[in-house]
Structures are given as structure tokens and as C-alpha cells.
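Participant: Residue numbers (our numbering): 5 to 507.
Yeah, the Cβ is synthetic: ideal placement off N, Cα and C, and Gly gets one too.
(1) In whole angstroms, what is the alpha-carbon distance linking residue 328 and residue 284?
(2) Less than 6 Å between C-beta atoms, sequence neighbours within five positions excluded: which residues of the same chain meet that for residue 266?
(3) Any idea if residue 380 is buried or exposed, counting beta-carbon neighbours within 10 angstroms, 16 or more meaning buried?
(4) Start and end of the alpha helix (DSSP H) containing residue 406?
(5) Rounded to whole angstroms, what is the Cα-Cα separation between residue 392 and residue 407?
(6) Please report the Cβ distance between residue 56 and residue 91, rounded to the nearest whole angstrom; I am assuming they are in contact, meaning their Cβ atoms lie under 8 Å.
(7) Of the residues 314, 353, 36 and 214, which one's Cα is nearest the Cα of residue 105?
(8) In three-state terms, what does DSSP make of residue 139?
(9) Are three or more beta carbon pairs between the stretch 194–201 and the stretch 317–324 nearer than 8 Å?
(10) Taking 6 Å as the limit between beta carbons, can you name the residues of its chain near residue 363, skipping five residues before and five after?
(11) Which residue from 143, 260, 297 and 253 puts its Cα closest to that of residue 279?
(12) Distance, Cα to Cα, residue 20 vs residue 136?
(13) Of the residues 28, 103 and 8, which one's Cα is nearest the Cα of residue 96?
(14) Are residue 203 and residue 258 closer than 9 Å when you measure CB to CB?
(15) Indicate whether the contact test is met: 3 or more Cβ pairs, each with one atom in the stretch 204–216 and one in the stretch 232–242, closer than 8 Å.
(16) Report yes if the CB atom of residue 41 is closer than 9 Å to the CB atom of residue 108, and no otherwise.
(17) For residue 258, which beta-bridge partners are listed by DSSP?
(18) Can you tell me whether residue 399 is buried or exposed? The criterion is at least 16 other CB atoms within 10 Å of its CB, across all chains shown.
(19) Check each candidate in 413, 378, 376 and 389 and name the one with the smallest Cα separation from residue 426.
(20) Does the count of Cβ pairs from the stretch 309–319 and the stretch 341–353 closer than 8 Å reach three?
(21) Find the nearest neighbour of residue 499 within the set 394, 307, 247 and 185, judged by alpha-carbon distance.
(22) Heavy atom of the ligand COA less than 8 Å from the Cβ of residue 411, yes or no?
(23) Taking the alpha carbon of residue 4 as the reference point, which residue from 103, 240 and 181 has its own alpha carbon closest?
(24) What's the call for residue 78, buried or exposed, on a 16-neighbour Cβ count within 10 Å?
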């Protein structure tokens, strides 16, 4: 008999247990996530089986896992199959309820087995107190397994996440968990070139002074830096637009400039790029902004902001934004704190993008008015962990709590947190499961690139999770995008994950 026959649903299992109880068999029940099985789990099950005739193990379904963004590593089916292969276990059931107490009330075991921590540090846990009271109400018994073999699934997972094969398996499970099909991915990729993306917001010069020989002044506590060379880059909406245009995606830019020489220099530079459709509003006395960075051995020592940092109110800017949104497939708001993004423009972009059912993304790198965008409905907000903690004034709690605070106190539909080398975690307001985690294949992501790819993928169909997978894949292969067939690239990637739901 295949070990998979041990896996039962509720309708199958409960009558079986009733028959066994009528035969005088003693039922033992264990419940948990059992994500990464280790020797401590095996000892737990062996000890549990020694207390009865039949051992039933229930596992929390994927939809109700609430142990952090990395969990579960394995899907509920894989976890159930792993448990079913263990000789001590007679039956396995996937609990489709939010709380394990409901399944416990239906199984009504003679013995309910818990880990030793529930006899001490977790003995007052509200969920366990309720379970213990229920079991003892019908003269059942709660037994605690010994803790002579101690392992941590979390510690094991953190070590495994350094391995590429483990990262690949987590990505495969992400695709399966969120029911992402290969054909859907290919369709979205084939449709990318049909999209037109509008990018609204700040544009500025980033000047970099490359320095050497940092010394302290003899007369005062001041750095002396020797500037070797200076570089100038156009940032803000241009960074995103240039990136997308190089992928042959149609792009509209909308931004504010002034009448100063810096503004004139900017327009002269932008007109050289024929792939970008430039739209701007000229404001009298608007001082075009510069972010000047001083770098020593690639480390930023300090930066200076020059030019406008006050909010600009312009009816012409709002009218142009509304007009351009109506001919776009997606819109990105780029707020660096230089005045073009305020409540009026956020309101019109939010209303129009939702009316047209096109994706909208917020890129916010602005400590001033850090929460202004939270009052409006946008599809995506992309933050680093530092930005998310700064937004919520929460430096201590786990990142899951930080993310849920942002969603519960805002109108943002989906939050993406870039955790750097660790990966990307997404939190969806209206999806179940609501959390998705993709391990990182790169050391660092450009937020602008990720936002543009995410908006682009969402503009051609699919939900946050398929858009995130496509955006992350494209970003990881960013150096190959211009000279390679994107569909061929991703087909090779998917072939490594095997058959099944991906086909």
C-alpha cells in the first residue's frame, strides 16, 4: 500500500477514527506545521505512538501558515507526503481551518501530544489553554514529549537558504503554492511589448564626487576630501523610463522643471533619447534639484540636496497626468521629495488607475511626508526593510508584523519588501495565501527596475504573485534581457523545476 493512502480528508478520516474507537483503539493526535522534518520531529512521533494504538497527525494548511514570510518551505501536499512516509504515523490530514482547535474537537483523541515547551514557557498560550481544557473536558489526556533532541527548523532553513539548490526549491514551491502556470507566464511575457507605461514624478540630477584621502582638519573636526572626478546622472522618472525603453517598452514621462539652466540642460539631454515620450510642466522659479553625493571607496560619506524641496501645486500637471493615464496600461509614481508628488496628484492617479483597472506602483524615497501615499489606493508599494520600519516607527517587531501594520493602516493593495540578499517578500491584502517569499538570486536590486518590471508584468494580466515572479526573474537576468529572447530564458528556468502544475 502506498504511504500516500495514509493522507485523508476530513470526510474520510472521521468515520475511520469512529470505527477504531469502537474497536477500543487508543487514538493519539499531534498537530503542527512540520515544514522541515528533522530528528526532533521523528522522536516526537515515536514517543507519541508509544502512548496509543493509532497516531493521527494534522498539519496547518498553506493558507493559514502564520510563522513568518519564509514559511512554509514545503507545500501542504509535500509536507503531508513526508509525514505519511514515517512508519510511526497512521493517518495524516491537512487542516483547512485557521485554528487547530477545530480539528482537535472533531478528532477527540485519547491523547493529545505537545512539545515540552507547552509544559513551561508556552503553557499559558491562549490557543493551547483552550485545547488543553477541551481535551480534559472529556477525560482525554495531554502529554508532553521529551526535549532530549532539540533542533530548530528556522535555524536549519536559514543555513539552507545559502545554498542555490535550496533557493531553487523554494522558488518552485512559490510557483506551486500560488498556482502559477507556465502557460500564463509565457502569455504575459509575449504581451509585454504591447504595454505602455506612464511614469509620473520627480526628476533630478545626481552628481557624484569620487573622493580619496579623507583626513581630519587640524583646526576643526571637519573632513577634508580630495575629489578625483565628478559624474552626473539623470535620476527619478528618467531612470525607470530609460530602463523600460531599452527593453523596447513604450514609455511616457511626466515631470516638473523650471526656467533655470539646469532645467534647460536636462531637456537638451532627454531629447537625445528618441525612445522616450517626454511630457513636462514648466514652473516659474522652480529650482531644478540636484542630489550631490560624496563617495570614498564606493562608500557614501554624505550628500547635499540643492534646489526645490517644496510641494508644487499645478493644475496643468494634474490635467496632463489624467490625460496620459487614459492612454496607458500602467502607471508608476516616483516620489523623491522634490515637490511634484502631493495629495492632488496622488488622488488623481489613484482614482484614474482604479477606474481604468490598470496597475499603479509607488516608489517612495522621501523621508519628508513619508506616509502621504498611504491614504490612496495603489496596487503596489515597494519598500526596503529599513523604509518599512521607518514608516511604522517599529524597529523591534518581526517584519511580518511591520508589513501587516502598513496594510492595516493604509489603502495599499500589495506591499513588497526588498530584503536584499535574503530575497523579496510580498503581502497581498485580498489574496489567500496572502504572503509570498522569493529567495534572492542577486546581492542587490534597483528599486526602480523592480518597480518597472512589476508594473509591466501586472499590466498584461495576472495577480501580484505571478507579476512578482516575472519581475524578479527578469531583474535577476537583467544583463541578458537586451540580447536574449525573454521567453526562451524563462522556459529554461522553468524546465529546472520539473513537471506538474508548471506545465
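Facilitator: Looking at the atomic coordinates:
(1) 12 Å
(2) 292
(3) buried
(4) 403–412
(5) 7 Å
(6) The Cβ separation is near 15 Å, so there is no contact.
(7) 36
(8) helix
(9) no
(10) 334, 383, 459, 462 and 463
(11) 253
(12) 24 Å
(13) 8
(14) yes
(15) yes
(16) no
(17) 204 and 283
(18) exposed
(19) 389
(20) yes
(21) 185
(22) Absence of the ligand COA from the depicted structure is noted, as is the absence of any ligand whatsoever, leaving it without description.
(23) The first residue shown for the chain is 5 and the last is 507, placing residue 4 beyond what the model contains.
(24) buried
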